[in-house]
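What follows is a set of notes on a single structure, which appears directly below.
Residue numbers (my numbering): 60 to 311.
Printed below as a string of structure tokens:
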């Protein structure tokens with residue numbers, strides 16, 4: 060069954076909503092986030108992400124229990140498909156992210172990523188990874204709930220790449236649980252929807268345009284049971300989380 064497409068009037072309306080909401084985001088990120096308490100920051104981030112997802116009319120279906128709102132000292136590990144992943148997850152439970160350094164230069168999203176204290180890593184520098192492990196460990200010990208996408212890049216949503224294990228070391232050092240999360244954008248027949256994927260030769264602009272053209276994009280989110288990390292091996296945990304997420308996504 061093909062996806063239902065939006066008409067031109069609907070697309071123009073959605074573009075207006077996205078622009079208006081983006082401007083609102085600049086005000087919130089520039090004026091309020093720097094002085095907000097942690098609970099207020101989380102509320103504002105979640106609210107803004109919900110509204111952005113709403114502007115694209117993306118339907119979020121959570122097929123599992125959601126971690127408690129007061130969750131702290133935890134690492135979330137997810138597969139990575141689209142620019143929308145972060146906003147979808149934040150609309151459910153606000154998280155702090157570890158992301159590739161390139162994101163700092165993304166239009167609009169780069170600014171917001173910096174304002175919400177994203178930890179940026181240049182994966183081409185080995186010493187940078189070691190530094191980020193130390194910083195990530197400190198953040199986890201301080202109570203943060205950190206999310207990372209250990210594939211190191213995005214896919215079109217029809218597969219899952221091997222997980223890099225270096226940053227998982229931080230969860231072991233801090234002795235915090237890991238929550239694997241499966242993300243899948245779906246067609247009406249349940250197969251993977253690759254239109255919103257920000258991968259391969261698809262540009263950020265093209266991916267967002269594709270989202271605007273779909274009447275109701277659907278994303279399924281599944282939080283798997285937490286994994287204890289004390290005395291574990293990072294490579295073994297990378298393989299385990301990869302296996303669990305792939306199984307949930309029904310990938311081999």
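Every residue, glycine too, gets a C-beta built ideally from N, C-alpha and C.
| Item | Value |
| --- | --- |
| Range of the contiguous beta strand (DSSP E) that encloses residue 281 | 277–282 |
| Validate contact between the region 141–154 and the region 98–115 using beta carbons, cut 8 Å, 3 pairs | yes |
| DSSP state of residue 171 mapped onto helix, strand, coil | helix |
| With 16 other Cβ atoms within 10 Å as the buried cut-off, status of residue 85 | exposed |
| Beta-carbon proximity check, residue 158 vs residue 213, cutoff 7 Å | no |
| Option in 115, 199, 294 with minimal Cα separation from residue 156 | 199 |
| 7 Å Cβ cutoff, residue 142 in contact with chain C | Within the model displayed, chain C is absent; a lone protein chain is all it includes. |
| The region 185–195 in contact with the region 107–117 per 3-pair CB rule at 8 Å | no |
| Ranges of the beta strand (DSSP E) found wholly within the region 121–202, counting only runs of at least 3 | 133–137, 155–159, 178–180 |
| Buried or exposed by the 16-neighbour rule on C-beta atoms within 10 Å, applied to residue 90 | exposed |
| Length at least 3, wholly inside the region 236–266: the beta strand (DSSP E) runs in chain order | 237–245 |
| DSSP-derived helix/strand/coil call for residue 94 | coil |
| Length of the line joining the Cα atoms of residue 162 and residue 169 | 5 Å |
| Residues that residue 99 bridges to, as DSSP identifies them | For residue 99, which the question treats as bridged, DSSP gives no partner whatsoever. |
| Residue 111 - partner residues in DSSP beta bridges | Bridge partners of residue 111: none, in fact. |
| CA nearest to the CA of residue 228, picked from 244, 209, 240, 218 | 209 |
| For residue 207, three-class secondary structure by DSSP | strand |
| Close beta carbons around residue 288, own chain, < 7 Å, minus the five adjacent residues each side | 230, 231, 234, 235, 236, 237, 296 |
| At least three beta-carbon pairs within less than 8 Å, the region 276–295 to the region 237–251 | yes |
| Residues sharing a beta bridge with residue 78, DSSP | Note: residue 78 sits in no beta bridge, so no partner. |
| Within 7 Å, strictly: CB atoms of residue 80 and residue 111 | yes |
| Where residue 175 falls, given that 16 or more other Cβ within 10 Å makes a residue buried | buried |
| Beta carbon of residue 132 nearer than 7 Å to that of residue 216 | no |
| Spatial neighbours of residue 269 in its chain, beta-carbon cut-off 7 Å, leaving aside the 5 residues before and after | 254, 255 |
| DSSP-derived helix/strand/coil call for residue 104 | helix |
| Euclidean distance between Cα positions of residue 63 and residue 307 | 26 Å |
| Anticipated Cβ contact below 8 Å, residue 206 with residue 305, distance rounded | Actually they do not touch by this definition, with Cβ atoms about 18 Å apart. |
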